[in-house]
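Note sheet for the following structure.
In this note's numbering, the protein residues as written are 380 to 829.
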């Protein structure tokens, strides 16, 4: 058969298959519309058509994999905040005081409206725009504080800080309460952190009891993560007698694939970063789908400086890409416990009516070595998945020890009082890093043998 005729035949077959698929979709749509019509006219009680439609989408997405979902409402806002790394608000990290059931400031976000207004850790929020906060859930308080950029909000603040920045246990609301009006603005959400906060809101990158070792913690992979990390590495590179870097990815749930690729590229001169594989054609034997290989570009940062990467069972997705890439390239030693094993990529597709987002798995990723990362439901401990520590570097803390480290680390993330510490001094808390965090201590030891 002439080549031209073969091409025409293949095109005709493809068009016919597409037409059949379109007719099937139309039939499915009509069938669902018929069901909705029956419910609307026959059900005993009036129904919310939108709620039923949303439930139908939820059910459809649940037939896929556990990472595909119909995202809307509060979950959508949280997802967009995590990926965009910003929200419109006043810039407060809060908790709920158990005794008073009122929100208390954990720390202000450096540079935010709350920070500039002098609100500090330990301050209580007694009211918001004249409405008492006692009894509200933390999520309710956060929702009230967030809003549109440029809108004002007035907080009734009860300060528990005495002059000099120390806590005053006998401070009374009548003596220390004040109204503070803040104007909401875009607040940046950090994804890159150091060992401990400075009083000016910045970070001390060098480990407190190991002044020649830097610590960088990445909490997620968003739009600004690579830029944040590049700035941190620039500061670290200027440190005298730098002997190693610990990159802490513990508890990191992942984020943007592009951010993970950019982070890896900061540490590599060349080579493969990650391999992604798209949808396969089930009718074509041996079809591997669309394969995309992401490669590093020249210009590595901290070339020659030993790196240890800390991982645990909550290190997932984009964080696993970074750990696997640096391990396969021989650029880092992996320390901790086996990672989560999420090796799929989700695309975020908005619905045309703006009602929500479709988060759907569109590809999977593999290590540079082409080894599998994704843990499937029937995979046991002996299967190939996740990122495992290097030989001699596995350390699994007890649940109690891990919780102590989280609480200790959280205290070190709090901005210390500016009056007490001065602009450049570090905040601290009881216990030095190597004494409190056994995984970090093992990572520092691994640097010497890298």
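We put the CB at the ideal spot given by N, CA and C, even for glycine.
**Message:** Considering Cα atoms alone, identify which of 710, 631 and 682 is closest to residue 693.
**Reply:** 631
**Message:** Suppose you measure from the CA of residue 623 to the CA of residue 527; what does that come to, to the nearest Å?
**Reply:** 43 Å
**Message:** If I measure Cβ to Cβ from residue 750 and keep anything under 7 Å in the same chain, skipping five residues before and after, which residues do I get?
**Reply:** 763
**Request:** Mark residue 439 as exposed unless 16 or more other C-beta atoms lie within 10 angstroms of its C-beta, in which case mark it buried.
**Result:** exposed
**Request:** With residue 454 as the anchor, note down where its alpha helix (DSSP H) starts and where it stops.
**Result:** 452-463
**Prompt:** In angstroms, rounded to a whole number, what distance separates the CA positions of residue 554 and residue 505?
**Reply:** Because residue 554 carries a pLDDT of 44, less than 50, the predicted location of this residue cannot be relied on, and the following value inherits that uncertainty. Cα to Cα, the separation comes out at about 14 Å.
**Asked** Rounded to a whole number of angstroms, what is the C-alpha to C-alpha distance between residue 670 and residue 572?
**Response** 34 Å
**Prompt:** What first and last residue would you give for the beta strand (DSSP E) that runs through residue 567?
**Reply:** 564-567
**Request:** Indicate the three-state DSSP secondary structure (helix, strand or coil) for residue 787 in the structure shown.
**Result:** helix
**Message:** On the DSSP bridge list, what partners appear for residue 585?
**Reply:** 593
**Asked** Skipping 5 residues on each side, what residues in its chain have a beta carbon closer than 7 Å to that of residue 715?
**Response** 629, 689, 690, 691, 768, 774 and 818
**Message:** For a test of the three-state rule: what should DSSP assign to residue 680, helix, strand or coil?
**Reply:** coil
**Message:** If contacts are defined as beta-carbon pairs under 8 Å, then residue 711 and residue 686 qualify, I think. What distance do you get, rounded to the angstrom?
**Reply:** 4 Å
**Item:** Every unbroken beta strand (DSSP E) inside the stretch 713-786 [3 residues or more]
**Value:** 723-729 and 736-745
**Request:** Starting from the Cα of residue 682, find the closest Cα among 652, 583 and 647 and give me that residue.
**Result:** 647
**Message:** Please tell me whether residue 514 and residue 480 are closer than 7 Å, where the distance is taken between their beta carbons.
**Reply:** yes
**Message:** Quick check on residue 812: buried or exposed, where buried means 16 or more other Cβ atoms within 10 Å of its Cβ?
**Reply:** buried
**Prompt:** Per DSSP, which one or two residues make a beta bridge with residue 576?
**Reply:** 582
**Within the stretch 613-665, ranges of the beta strand (DSSP E) (whole runs, at least 3 residues)** = 623-627 and 651-656
**Item:** Alpha-carbon to alpha-carbon, residue 745 and residue 720
**Value:** 11 Å
**Prompt:** Taking the DSSP output, what are the residues bridged to residue 671?
**Reply:** 655
**Request:** Taking the CB atoms as reference points, tell me whether residue 602 and residue 463 lie closer together than 7 Å.
**Result:** yes
**Prompt:** Exposed or buried, residue 407, counting other C-beta atoms within 10 Å across all chains shown (16 or more means buried)?
**Reply:** exposed
**Request:** Pull up the DSSP beta-bridge partners for residue 486, would you.
**Result:** 472
**Request:** Just tell me which of 737, 455 and 781 has its CA closest to the CA of residue 816.
**Result:** 781
**Item:** Selection from 755, 723 and 789 that minimises the alpha carbon distance to residue 653
**Value:** 723
**Asked** CB-CB under 6 Å to residue 545, same chain, minus the five flanking residues each way: which ones, in chain order?
**Response** With a pLDDT of 42 at residue 545, under the threshold of 50, the modelled position of this residue cannot be trusted; read the value that follows with caution. Once the five neighbours on either side are set aside, residue 545 has no close Cβ partner at all.
**Inter-stretch contact at 8 Å, needing at least 3 Cβ pairs: the stretch 786-794 / the stretch 474-488** = yes
**Cβ shell of residue 826 (< 6 Å), same chain only, five flanking positions each side left out** = 623, 685 and 687
**Asked** Given residue 455, which residues of its chain have a CB within under 8 Å of its CB, disregarding the five upstream and five downstream residues?
**Response** 735 and 736
**Message:** If the criterion is Cβ atoms closer than 7 Å, does the pair residue 634 and residue 697 meet it?
**Reply:** yes
**Message:** Given this structure, state the Cα-to-Cα distance separating residue 614 from residue 594, to the nearest angstrom.
**Reply:** 12 Å
**Message:** Assuming residue 718 and residue 699 are in contact, meaning their beta carbons sit under 8 Å apart, how far apart are those beta carbons, in whole angstroms?
**Reply:** 5 Å
**Asked** Among residues of its own chain, excluding the 5 on either side of residue 474, which ones have a beta-carbon nearer than 8 Å to its beta-carbon?
**Response** 482, 483, 485 and 517
**Asked** Any chance the stretch 527-539 sits against the stretch 494-504, with 3 or more Cβ pairs inside 8 Å?
**Response** yes
**Asked** Going straight from the alpha carbon of residue 445 to that of residue 742, what length do you get?
**Response** 14 Å
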